[in-house]
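Just so you know, the sequences run in chain order B and R.
Going by the numbering used here, the letters in the first sequence line up with residues 1 to 16, in that order.
Going by the numbering used here, the letters in the second sequence line up with residues 1001 to 1229, in that order.
Using N, Cα and C, we set each Cβ at its ideal position, and we do this for glycine too.
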Amino acid sequence: EEPSLLKKLLLAPANS
Amino acid sequence: EITKEQRALIKAILDAYNRHQIPQDVTKKLLQEQYSAEENFLLLTEVATSQVQVLVEFTKNIPGFLSLDREDQIALLKGSAVEAMFLRSAQVLSKKMPSGYTEVLEERIRKSGMSEEFMTPMFNFYKSIGELHMTQDEQALLTTITILTPDRPYVKSHEAVERLQETMLDVLRKLCVLQHPQEPQYFARLLGRLTELRTLHHYHVEMLTSWKTNDHKFTPLLCEIWDVQ
């Protein structure tokens, strides 16, 4: 399954 | 009376809302010289992609959102992205802009290959948001309430999302009473816009298929968030 871009954005540190 | 905690909540959401905006260089391109329909389409998908990134960053700063179940966070973002983006665009377009800017933006959207029957309800919605003259904190809270809608597809812990949304609804209701004492219906009018957003959301699915048939490609992030293959 394609890695979720949305999940990546969510997991990135806040305020990036 | 708005409690101290509620004032802190409004401040946190308003700061996040103001901090996460579409980068100037992206919006500036929208106001430059005319492009072809194809270039307009590419530009609008670039703006939409940037709006999704801004939406995720804003959402991560909503107090309580990151303590929700991870899968529910994804389900809420996917379920609300279209509505939150329309709301954000309407709020941007209803801002005081130098004369002529709104016309240039509307022209660009009209010339991007979007089907006419979708354009009318979309511009009507933009107008109906503009007429409300919402303050920034009302806009930020209304966007938050849209994102925290519990009945999106695949949301598992309904109650946890509902509790969070209720908190925001209570704050917005108090804020409307305080900031629009002459308009007791103001809060109800804001919630009425959320119903209009749902209708736009349904139109949007059809609009995507009409674009897809003209073999327009969307960016990977838009394909994921809009469930387009």
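* Is L1169 of chain R closer than 8 Å to I1243 of chain R when the C-beta atoms are compared? -> Since the displayed chain R opens at 1001 and closes at 1229, residue 1243 of chain R lies outside it and no answer follows.
* What's the C-alpha gap between L1043 of chain R and K1029 of chain R? -> 8 Å
* **Within chain B, the residues that I1225 of chain R reaches when beta carbons sit closer than 7 Å** => L6
* CB-CB under 6 Å to Q1006 of chain R, same chain, minus the five flanking residues each way: which ones, in chain order? -> V1171
* Counting only runs that start and end within the segment 1074-1130 of chain R, where is the alpha helix (DSSP H) found for 4 or more residues in a row? -> 1101-1110, 1116-1130
* If you compare alpha carbons, which of R:D1137, R:L1178, R:Q1021 is closest to A1008 of chain R? -> R:D1137
* Examine chain B for any beta-carbon lying closer than 8 Å to the beta-carbon of I1013 of chain R, and answer yes or no. => no
* Of the residues R:V1161, R:N1061, R:A1037, R:T1027, the one placed nearest N1018 of chain R, counting alpha carbons only -> R:N1061
* Asked: Is it a yes or a no for the segment 1122-1132 of chain R touching the segment 1186-1202 of chain R, going by three-plus beta-carbon pairs under 8 Å?
  -> yes
* Does L1077 of chain R have its Cβ less than 8 Å from a Cβ in chain B? -> yes
* **Where the alpha helix (DSSP H) containing N1040 of chain R begins and where it ends** => 1037-1060
* Taking Cβ to Cβ, would you say R1088 of chain R is nearer than 8 Å to N1040 of chain R? -> no
* Asked: If you measure from the CB of Y1203 of chain R, is any heavy atom of the ligand FAD nearer than 7 Å?
  -> Annotation note on the ligand FAD: not contained in the displayed structure, which lists no ligands.
* Just the Cα atoms here: how many angstroms apart are L1076 of chain R and M1119 of chain R? -> 26 Å
* **Unbroken alpha helix (DSSP H) run spanning T1027 of chain R, endpoints** => 1024-1030
* **Coil, strand or helix - D1227 of chain R by DSSP** => coil
* Is the segment 1156-1169 of chain R close to the segment 1064-1074 of chain R, with three or more CB pairs under 8 Å? -> yes
* **Any C-beta of chain B under 8 Å from that of I1022 of chain R** => no
* For V1092 of chain R and Q1240 of chain R, the rounded distance between their alpha carbons -> No answer is possible for residue 1240 of chain R: the residues shown for chain R start at 1001 and end at 1229.
* Using the rule of at least 16 other Cβ atoms within 10 Å of the residue's Cβ for burial, across every protein chain shown, is S1115 of chain R buried or exposed? -> exposed
* Would you mind sorting H1202 of chain R into buried or exposed? The rule is 16 or more other CB atoms within 10 Å of its CB. => exposed
* **Local conformation of M1154 of chain R per DSSP, three classes** => Reading off the sequence shown, one finds Tyr at residue 1154 of chain R, where the question assumed Met. Coil, per DSSP.
* To do: On a CA-only basis, which of R:Q1165, R:V1056, R:H1216, R:L1141 is nearest A1012 of chain R? Give me that one, please.
  => R:L1141
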